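Take the sequence shown: its letter number 457 is residue 457 in my numbering, and every next letter is one higher.
Let me begin by presenting the structure, written as structure tokens, before commenting on it.
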Amino acid sequence: MEGSLSNSHFMSHVLFYTFAFLVLALPVVHSASVTRHYKFDVRLQNVTRLCKTRSIPTVNGQFPGPKIVTREGDRLIVRVINHLNRNITFHWHGIRQLQSQWADGPAYVTQCPIQAGQSYVYNFTIAGQRGTLWWHAHLSWLRVHLYGPLIILPKEGIAYPFPQPYKEVPIMFGEWFNSDPEAVIQQALQTGGGPNISDAYMINGLPGPLYNCSAKDTFKLTVKPSRTYLLRLINAALNTELFFSIANHSLTVVETDASYVKPISTNTLLISPGQTINVLLSTYQTTPNSSFLMAASPYTTSAGTFDNTTVAGILKYTAKILPAIKPTLPPFNDTTTATNFNSRLRSLASPSYPARVPMKIDRRFFFTVSLGTSPCPKNATCQGPNGTKFAASINNVSFVRPSISMLEAHYYRFLKGVFTGNFPGVPLIPFNYTGTPPNNTFVNHGTKVVKLGFNTSVEVVMQDTSIQGAESHPLHLHGHNFYVVGQGFGNFNPNTDPARFNLIDPNERNTISVPSGGWVAIRWLADNPGVWLMHCHLDIHLSWGLSMAWVVEDGALRNQKLPPPPLDLPKC
């Protein structure tokens, strides 16, 4: 009996150690996905810039907000608690929100705002995406303070399709107002005139040495010789496209809007609000006897006033800051440099990362993207053109924000009084878009959408106009990526211009600038059911109504249908 027990005890040890050996010998298998939890406490925080202290909305007391780092395939759960005395929402810019449409975030489009003292959980999975994106508030001008990086690493074991960097550094561009930006936009909407401009641009929340009282508030990047750094550039500026350059250093662009591109080398790049660009920075072989400014300045052809200043950070090779060399940035209205940069971008279009450009188009649209005017209310004095109020529109329809969520109205089919499906697919009154503007510049107002069947292949040509002056408009599409198949200056010619479209390796993006005095053509597949906003990412133009929405209907399969709303979805 005793011997039997002893043998059993021995055998159990043998089995245990044999199992342990086998486990240790097996290759490590990483889980397919991880659920990552974040908590956003939105509250006021005193922040000082340009020797001016203001109480501004922040996430977790940080400005800019916290960095979210995740991997392709991971699930993100972000609990937002609103400690402000006003409404907020958050948008996860560039995330497709497949099967999580209720988490997209634009106020009154996919959700009612999170009211004061309330909370909401944004719950979504990163499906088929990797790269640099970002998050920001999506109501009024609150994103001027509420923004941060959203970095999606490739799946475990998947390498970048470019040299592995020594270090990765997010660089976010922003704007600073000495006055309250909410008061700025409210005054502009009330008077009908242009808004007061920002007082500074910022790099990672810091204005830098070229501004008064700001030498101590400078972003500094210390690098080592003979190394490669990945700079994750994000333009979170409110109303400004920016040129960017680092003195005496070349940059290699490897990604735009979280989509890989064929590497291109450049000394200066253009990045529009909403866009992200990843660049490789190769440092000097030996330590130089100087520091180098990394600087950004505005690009605009607008006839209105703008913040014509330059923000700078310092790239240094030693702990001590040596005399800094300044880069040469283009003039603010250098459309040639802007166009040349954008026209060089091409999708990687490799077997691992193919360019799935729609070849057979089901529906074509021609959208004019322009400023305009609205009549001044009776017995009021307005400061817009010729005593009117500034407005903005797509096909002369200026978007009116509804008072309830459009996605809820779509899901529950109570559409009456919320939106209509008669958004015009072409301008109702054609004119010479880039020539002499028409005498009547009044816009129509409405909440109108284009309805698309599931898996509809779409081509949209977006045409700038000369109404109130030609200028560039960065258009952002929610819920989808698109391919930039063509662009040019003057009026789009449907008979000749499509022959020049690039259908092989066009740049894949979620935000693209309509060229000043020109046009851009995009193609995309409407494979994500829901209500998706498309709007100018210059927030003053968004405030004036430069947006519209697409309604993508359900498909036949379960994963092609809009899921029911979460139980904690905010109420209006």
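Note that CB positions come from ideal geometry on N, CA and C, so glycine has one too.
None of the values given here were measured: they were computed from a predicted structure.
Which listed residue (Thr35, Ser516, Ile126) has its alpha carbon closest to that of Ala303:
Reading the sequence shown from its first residue, position 303 is the one you call residue 303. Ranking Thr35, Ser516, Ile126 by Cα distance to Ala303 puts Ser516 first.
C-alpha distance - Thr511 paired with His145, whole-angstrom precision:
To locate residue 511, count along the sequence shown from 1; it is residue 511. To locate residue 145, count along the sequence shown from 1; it is residue 145. Looking at the two C-alpha atoms, the distance is approximately 21 angstroms.
With distances taken between CB atoms, is the gap from Phe419 to Lys448 smaller than 8 angstroms?
Taking the sequence shown and counting its residues from 1, the one referred to as residue 419 is at position 419. Taking the sequence shown and counting its residues from 1, the one referred to as residue 448 is at position 448. Contact flag set, yes.
Check for me: the beta strand (DSSP E) holding Val144 runs from which residue to which?
In the sequence shown, the residue the question calls residue 144 occupies position 144. Run containing Val144: none; DSSP gives neither H nor E here.
Identity of the residues DSSP links to Arg71 by a beta bridge:
The residue given as residue 71 occupies position 71 in the sequence shown. Arg71 is bridged to Leu153.
Compute the distance between the beta-carbons of Ala247 and Ile325, then report whether it is under 8 angstroms.
Taking the sequence shown and counting its residues from 1, the one referred to as residue 247 is at position 247. Taking the sequence shown and counting its residues from 1, the one referred to as residue 325 is at position 325. Taking 8 angstroms as the Cβ cut-off, Ala247 and Ile325 qualify as a contacting pair.
Since Leu533 and Val109 should fall inside the 8 angstroms C-beta cutoff, what is the C-beta to C-beta distance between them, to a whole number of angstroms?
Locating residue 533 in the sequence shown gives position 533, where the first residue counts as 1. Locating residue 109 in the sequence shown gives position 109, where the first residue counts as 1. With 8 angstroms as the limit, Leu533 and Val109 qualify as a contact, their Cβ atoms being about 5 angstroms apart.
Provide the residue span of the beta strand (DSSP E) that contains Met534, from first to last.
For the purposes of this step, residue 534 is taken as the residue at position 534 of the sequence shown. Run containing Met534: 530–536, per the beta strand (DSSP E) assignment.
Judging by CA-CA distance, which residue of Asn333, Asn82, Pro288, Ser543 is the nearest neighbour of Lys320?
As a working mapping, residue 320 is identified with position 320 in the sequence shown. Ranking Asn333, Asn82, Pro288, Ser543 by Cα distance to Lys320 puts Pro288 first.
How long is the line joining the alpha carbons of Trp519 and Gln487, rounded to whole angstroms?
For the purposes of this step, residue 519 is taken as the residue at position 519 of the sequence shown. For the purposes of this step, residue 487 is taken as the residue at position 487 of the sequence shown. Cα to Cα, the separation comes out at about 5 angstroms.
For Cys382 and Pro375, I'd like the C-alpha separation in whole angstroms.
Your numbering for residue 382 matches position 382 in the sequence shown. Your numbering for residue 375 matches position 375 in the sequence shown. Computed Cα separation, rounded: 9 angstroms.
Neighbourhood of Glu2 by C-beta distance below 6 angstroms, restricted to the same chain and skipping five residues each side:
In the sequence shown, residue 2 corresponds to position 2, counting from 1. Low local confidence applies: a pLDDT of 34 at Glu2 is under 50, so the model's placement there is unreliable, with the coordinate-based value given in what follows. Counting only residues of its own chain and dropping the five nearest sequence neighbours on each side, Glu2 has no CB closer than 6 angstroms to any other CB.
To which residues does DSSP link Asn396 through a beta bridge?
Taking the first residue of the sequence shown as position 1, residue 396 is located at position 396. Answer by DSSP bridge pairing: none, since Asn396 is not bridged.
Pair within 8 angstroms by beta-carbon distance, Asn278 and Val254
Along the sequence shown, one-based indexing puts residue 278 at 278. Along the sequence shown, one-based indexing puts residue 254 at 254. In this structure, Val254 lies closer than 8 angstroms to Asn278 by Cβ.
Output the distance between the C-alpha atoms of Leu233 and Val400, rounded to the nearest integer angstrom.
The count along the sequence shown starts at 1 and reaches residue 233 at position 233. The count along the sequence shown starts at 1 and reaches residue 400 at position 400. In this model, Leu233 and Val400 are separated by some 32 angstroms (Cα to Cα).
Suppose the cutoff is 6 angstroms on Cβ atoms and the five residues either side in sequence are ignored; what does the same chain contact list for Trp544 look like?
For this step, residue 544 is matched to residue 544 along the sequence shown. Closer than 6 angstroms at Cβ, skipping near neighbours: Phe390, Ala391, Ala392.
Closer than 8 angstroms by C-beta to Tyr411: which residues in its own chain qualify, once you throw out the five before and the five after it? Chain order, please.
Taking the sequence shown and counting its residues from 1, the one referred to as residue 411 is at position 411. Excluding positions up to five away in sequence, the list reads Leu562, Pro564, Pro565.
Per DSSP, cross-strand counterpart(s) of Ala391:
As a first step, residue 391 must be located in the sequence shown, where it is residue number 391. Under the DSSP definition of a beta bridge, Ala391 partners with Gly372.
What are the boundary residues of the alpha helix (DSSP H) that includes Tyr411?
Position 411 of the sequence shown holds residue 411. Its alpha helix (DSSP H) spans residues 406–412.
One or two residues paired with Trp102 in a DSSP bridge:
Numbered from its first residue, the sequence shown carries residue 102 at position 102. Beta-bridge annotation (DSSP): Trp102 is not paired with any residue.
For Asp104, I'd like the list of residues in its chain whose CB is within less than 7 angstroms of its CB, leaving aside the five on either flank, ordered along the chain.
If you number the sequence shown from 1, residue 104 lands on position 104. Residues His91, Gln97, Thr110, His478, Gly479 of the same chain have their beta carbon placed closer than 7 angstroms to that of Asp104, with the five preceding and five following residues left out of the count.
Is the number of C-beta pairs between the stretch 77–84 and the stretch 112–121 that are closer than 8 angstroms three or more?
Contact between the stretch 77–84 and the stretch 112–121 is present: 3 or more CB-CB pairs across the two stretches fall below 8 angstroms.
Boundaries of the alpha helix (DSSP H) in which Thr436 is found, first to last residue
What you label residue 436 is simply residue 436 of the sequence shown in a count that begins at 1. Looking at the DSSP string, Thr436 is not in any alpha helix (DSSP H), and its letter there is neither H nor E.
Let me make sure I understand the geometry here. Which of Gly384, Ala32, Val59, Thr58 has the alpha-carbon closest to that of Arg573?
The requested residue 573 does not occur in the structure, where the chain is confined to residues 1 to 572.
According to DSSP, simplified to helix, strand and coil, what is Thr218?
Your numbering for residue 218 matches position 218 in the sequence shown. Coil, per DSSP.
Start and end residues, beta strand (DSSP E) containing His91
Translated into the one-based positions of the sequence shown, residue 91 becomes position 91. His91 -> beta strand (DSSP E) spans 90–93.
To which residues of the same chain is Ala526 closer than 8 angstroms at the C-beta, ignoring the five residues directly before and after it?
One-based indexing of the sequence shown puts residue 526 at position 526. Cβ within range, chain order: Leu452, Gly453, Phe454, Asn455, Thr456, Ser457, Val458, His480, Trp550, Val552.
What residues match up with Phe162 in a beta bridge as DSSP calls it?
Against the sequence shown, residue 162 aligns to sequence position 162. Partner(s): none; Phe162 has no beta bridge.
Three-state class that DSSP yields for Pro27 in the structure shown:
Here residue 27 refers to the residue found at position 27 of the sequence shown. A caution first: Pro27 carries a pLDDT of 37, below 50, which makes its placement in the model unreliable, though a value can still be read off. In the structure shown, Pro27 sits in coil (DSSP, three-state: anything other than H, G, I, E or B).
CB contact below 8 angstroms: Ile77 versus chain D:
This model lacks chain D altogether, as it is built from one protein chain only.
Nonlocal neighbours in the same chain, by C-beta distance under 7 angstroms from Phe489, ignoring five residues either side
Taking the sequence shown and counting its residues from 1, one reaches residue 489 at position 489. If we look at Phe489 and ignore the five residues flanking it on each side, its Cβ neighbours are Pro515, Gly517, Gly518.
By the three-class DSSP mapping on this structure, what secondary structure does Leu84 have?
Working through the sequence shown from its first residue, we reach residue 84 at position 84. DSSP places Leu84 in coil when its eight states are reduced to three.
Beta carbon of Gln463, beta carbon of Tyr433: below 8 angstroms?
The residue you call residue 463 lines up with position 463 of the sequence shown. The residue you call residue 433 lines up with position 433 of the sequence shown. Yes, the Cβ-Cβ distance between Gln463 and Tyr433 is below 8 angstroms.
For Thr368 and Pro427, believed in contact at Cβ under 8 angstroms, the rounded distance
Within the sequence shown, numbered from 1, the residue matching residue 427 stands at position 427. Within the sequence shown, numbered from 1, the residue matching residue 368 stands at position 368. So it is a contact: roughly 5 angstroms between Cβ atoms.
Nearest-angstrom Cα separation, counted from Asp554 out to Leu329:
Walking along the sequence shown from the start, residue 329 turns up at place 329. Walking along the sequence shown from the start, residue 554 turns up at place 554. Taking the straight line from one Cα to the other gives about 48 angstroms.
Phe173 beta carbon less than 8 angstroms from that of Leu242
As a position in the sequence shown, residue 242 is number 242, starting the count at 1. As a position in the sequence shown, residue 173 is number 173, starting the count at 1. Taking 8 angstroms as the Cβ cut-off, Leu242 and Phe173 qualify as a contacting pair.
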